[in-house]
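In this note's numbering, the protein residues as written are 162 to 278. Heads up, the beta-carbon is just placed ideally off N, CA and C, and yes, glycines get one too. For reference, the structure discussed in these notes is given below.
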């Protein structure tokens with residue numbers, strides 16, 4: 162599936178239906194996802210999200226094997242994907258055509274707390 166075959170009308174109907182339901186029953190809008198993260202070795206882990214596996218590791222200078230993005234990078238990636246998805250849903254619902262979107266997210270983490278410094 163790509164941009165030319167994606168069914169925007171189907172998504173518009175889904176979003177409209179959700180809005181209708183959430184107006185009548187606000188508690189239906191509460192989403193409670195659940196994931197299971199499993200330590201594999203060292204700093205490498207695999208997390209099951211529905212039927213998907215998300216891998217996480219740390220770069221070699223931090224003691225990992227650099228087999229996957231680190232958890233903070235995955236957090237930023239998830240935030241970017243969440244923003245993109247929400248904007249796209251809104252645009253489709255409002256009849257706005259989006260032909261491309263890029264979200265740039267930079268993070269800053271003070272590691273002193275992690276190392277109790």
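Paired residues, beta bridge with residue i - DSSP
{"i": "residue 213", "result": "210"}
Span of the beta strand (DSSP E) around residue i
{"i": "residue 201", "result": "196-202"}
DSSP three-state assignment for residue i, whether helix, strand or coil
{"i": "residue 205", "result": "strand"}
{"i": "residue 248", "result": "helix"}
{"i": "residue 242", "result": "helix"}
{"i": "residue 228", "result": "coil"}
{"i": "residue 275", "result": "coil"}
{"i": "residue 193", "result": "coil"}
{"i": "residue 255", "result": "coil"}
Presumed contact (8 angstroms Cβ cut-off) between residue i and residue j, rounded CB distance
{"i": "residue 244", "j": "residue 257", "result": "Their Cβ separation, rounded to whole angstroms, is 16 angstroms, which puts residue 244 and residue 257 out of contact at 8 angstroms."}
{"i": "residue 249", "j": "residue 226", "result": "No, residue 249 and residue 226 are not in contact; Cβ-Cβ is about 35 angstroms, not under 8 angstroms."}
{"i": "residue 195", "j": "residue 208", "result": "At roughly 11 angstroms, the Cβ-Cβ gap does not stay under 8 angstroms, so residue 195 and residue 208 are not in contact."}
Span of the alpha helix (DSSP H), counted from its first residue to its last, around residue i
{"i": "residue 264", "result": "Looking at the DSSP string, residue 264 is not in any alpha helix (DSSP H), and its letter there is neither H nor E."}
{"i": "residue 186", "result": "Counting along the chain, residue 186 falls outside any alpha helix (DSSP H), and DSSP gives it neither H nor E."}
Residue i, buried or exposed, once every other Cβ within 10 Å from all chains shown has been counted against 16
{"i": "residue 275", "result": "exposed"}
{"i": "residue 219", "result": "buried"}
{"i": "residue 247", "result": "exposed"}
{"i": "residue 191", "result": "exposed"}
{"i": "residue 278", "result": "exposed"}
{"i": "residue 210", "result": "exposed"}
{"i": "residue 189", "result": "exposed"}
{"i": "residue 223", "result": "exposed"}
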